[in-house]
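Convert by adding 14 to the 1-based position in the sequence shown; the result is the number in my numbering. In this text, a Cβ means the ideal position worked out from N, Cα and C, and glycines have one as well.
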Amino acid sequence: MSKIYAVGDVQGCAPSLKALVKKLPKESKMIFLGDLVNRGPDSLGALRYLKSLQESGRAECILGNHDLHLLAIDAGIRQTKGLDTVDAILKAKDRDELIDWVRNRPLALSNGKLLAVHAGVLPQWDLQQTIECAQEVEKVLRSKSYKTFLGNMYGNTPNLWRNSLKGYERLRVITNALTRMRFCKPNGQMEFESKEGLEKGPKGFIPWFKAPNRKTREHVIYFGHWSTLGLMRKANVVGLDTGCVWGGKLTAIEISETHKDKKSAQIIQVDGYDHPLRM
Numbered sequence: 015m016s017k018i019y020a021v022g023d024v025q026g027c028a029p030s031l032k033a034l035v036k037k038l039p040k041e042s043k044m045i046f047l048g049d050l051v052n053r054g055p056d057s058l059g060a061l062r063y064l065k066s067l068q069e070s071g072r073a074e075c076i077l078g079n080h081d082l083h084l085l086a087i088d089a090g091i092r093q094t095k096g097l098d099t100v101d102a103i104l105k106a107k108d109r110d111e112l113i114d115w116v117r118n119r120p121l122a123l124s125n126g127k128l129l130a131v132h133a134g135v136l137p138q139w140d141l142q143q144t145i146e147c148a149q150e151v152e153k154v155l156r157s158k159s160y161k162t163f164l165g166n167m168y169g170n171t172p173n174l175w176r177n178s179l180k181g182y183e184r185l186r187v188i189t190n191a192l193t194r195m196r197f198c199k200p201n202g203q204m205e206f207e208s209k210e211g212l213e214k215g216p217k218g219f220i221p222w223f224k225a226p227n228r229k230t231r232e233h234v235i236y237f238g239h240w241s242t243l244g245l246m247r248k249a250n251v252v253g254l255d256t257g258c259v260w261g262g263k264l265t266a267i268e269i270s271e272t273h274k275d276k277k278s279a280q281i282i283q284v285d286g287y288d289h290p291l292r293m
């Protein structure tokens with residue numbers, strides 16, 4: 015049986031991506047945890063390579079906030095920002111093909127035991143509801159009206175999940191939880207400004223995975239998005255954004271279905287991009 019590795023945020027670091035894949039066993043498969051593009055030196059090269067890996071059956075790629083940002087720029091909803099490195103994608107001959115590929119990627123993956131997301135999971139959601147909520151957004155992204163959704167996607171409210179939410183408010187909460195969340199209150203109220211370590215959240219807020227009654231706490235969750243955590247392995251959660259785009263590492267870890275196995279899981283790392291603006 016082929017080994018499967020979860021891989022942290024690539025963010026357009028094509029050289030690190032290709033170096034990491036070369037170090038993995040040849041028959042292995044990969045799950046990339048989102049933020050496939052942006053801020054690294056070669057977002058176009060990274061996206062084309064990830065697409066080829068997915069189409070060959072070797073990988074699947076989850077969407078992160080930077081990938082949704084790319085879709086919003088392509089759709090004319092947003093403008094590029096100072097640190098963005100997606101212009102080459104927008105000028106590429108295969109732009110439409112690449113954009114279609116991105117918007118057909120999932121926001122969460124599970125085999126019924128493990129869960130992979132980009133950012134986090136609300137404490138009210140169990141495994142099944144997490145996947146079903148992700149699929150609600152995926153369905154809209156893959157539809158002909160996806161640009162209308164992208165135009166209504168941004169915003170920090172509502173910041174608290176209710177099963178009764180409908181329309182774009184419902185889709186916005188789901189998207190924010192899966193692609194942006196780091197801290198929340200025990201009741202799941204989200205906060206989006208704080209990016210520092212575990213103990214640096216606003217008063218009353220805790221890391222999403224420390225919510226006391228989180229319904230997914232019995233499942234091993236792999237996530238990215240939170241580079242200030244570095245490689246983090248705690249009770250049934252594995253954080254894999256090790257700051258590749260900021261001179262850190264690009265990290266892959268062998269996926270394990272139990273917390274016990276996870277302790278001894280193989281870790282493979284390569285050097286990241288020496289970003290000129292890193293501190």
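- The three-state reading of DSSP puts Met-15 in coil, since its state is none of H, G, I, E or B.
- If you compare the alpha carbons of Asp-288, Ile-282, His-83, Thr-144 with that of Pro-39, the shortest gap goes to Ile-282.
- Of all C-beta pairs linking the region 56-68 to the region 261-271, fewer than three are shorter than 8 Å, placing the two stretches out of contact.
- The beta carbon of Asp-98 sits closer than 8 Å to the beta carbons of Asn-52, Arg-53, His-83, Ile-87 from its chain, once the five residues preceding and following it are set aside; these are given in chain order.
- Each of Arg-92, Ser-57, Gln-138, Phe-197 was checked against the Cα of Lys-105, and the nearest Cα belongs to Ser-57.
- Spanning the alpha carbons of Cys-27 and Gly-261 requires a straight line of approximately 10 Å.
- Between the alpha carbons of Gly-134 and Glu-146 lies a gap of roughly 15 Å.
- Rounded to whole angstroms, the Cβ separation of Gly-48 and Thr-193 is 7 Å, and the two are in contact under 8 Å.
- Measuring C-alpha to C-alpha distances from Thr-230 to each of Ser-42, Thr-242, Lys-127, Gly-169 identifies Lys-127 as the nearest.
- Within a 10 Å sphere around the beta-carbon of Thr-144 sit 16 or more other beta-carbons, which makes this residue buried.
- Here DSSP, grouped into helix, strand and coil, assigns Asp-110 to helix.
- Between Leu-174 and Phe-163, the C-beta spacing is not below 9 Å.
- Per DSSP, reduced to three states, the secondary structure at Asp-101 is helical.
- A direct Cα-Cα distance of roughly 20 Å separates Phe-237 from Tyr-287.
- For Leu-136, no beta strand (DSSP E) run applies, since DSSP gives it neither H nor E.
- For secondary structure counted as the alpha helix (DSSP H) over 4 or more consecutive residues, the region 49-92 holds these complete runs in sequence order: 57-69, 79-88.
- Gln-142 is classed as exposed because its beta carbon has fewer than 16 other beta carbons within 10 Å across all chains shown.
- Boundaries of the alpha helix (DSSP H) around Ile-188: 181-193.
- Residue pairing of Pro-221 in beta bridges, as defined by DSSP: Phe-197.
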